[in-house]
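A.B. asks:
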Ligand SMILES: [Zn+2]
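Numbering (the working numbering), first residue to last: 52 to 130.
(1) Report, in whole angstroms, the separation of the C-beta atoms of residue 106 and residue 73, which I expect to be a contact under 8 Å.
(2) Using only alpha-carbon positions, find the residue among 112, 76, 83, 87 that is nearest to residue 70.
(3) Would you check whether ligand 1 has a heavy atom nearer than 8 Å to the C-beta of residue 15?
(4) Could you tell me the boundaries of the alpha helix (DSSP H) in which residue 85 lies?
(5) Nearest to residue 84 by alpha carbon, out of 128, 130, 121?
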């Protein structure tokens, strides 16, 4: 599913892994998919659409600067 999106999509969202600081781009379709799942699961709009890090497998990579479909501005502040 995600591979299919990567081929089709040209719009990406910048992500960062809080654990190993790996920065990568995720196709917007995948991000929207995760957002949709969070909404169905009843999670608050402040929940970032998490993606798994391809380097360290940490499963809570967050968007660096992204306004979600539900209107929440996700912003990663480096600690
Ligand atoms: Zn990582």
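Virtual Cβ for every residue (Gly too), placed ideally from N, Cα, C.
C.D. replies: With the given structure in hand:
(1) 5 Å
(2) 112
(3) Outside the displayed span of the chain (52 to 130) sits residue 15, for which this structure offers no information.
(4) 79–91
(5) 121
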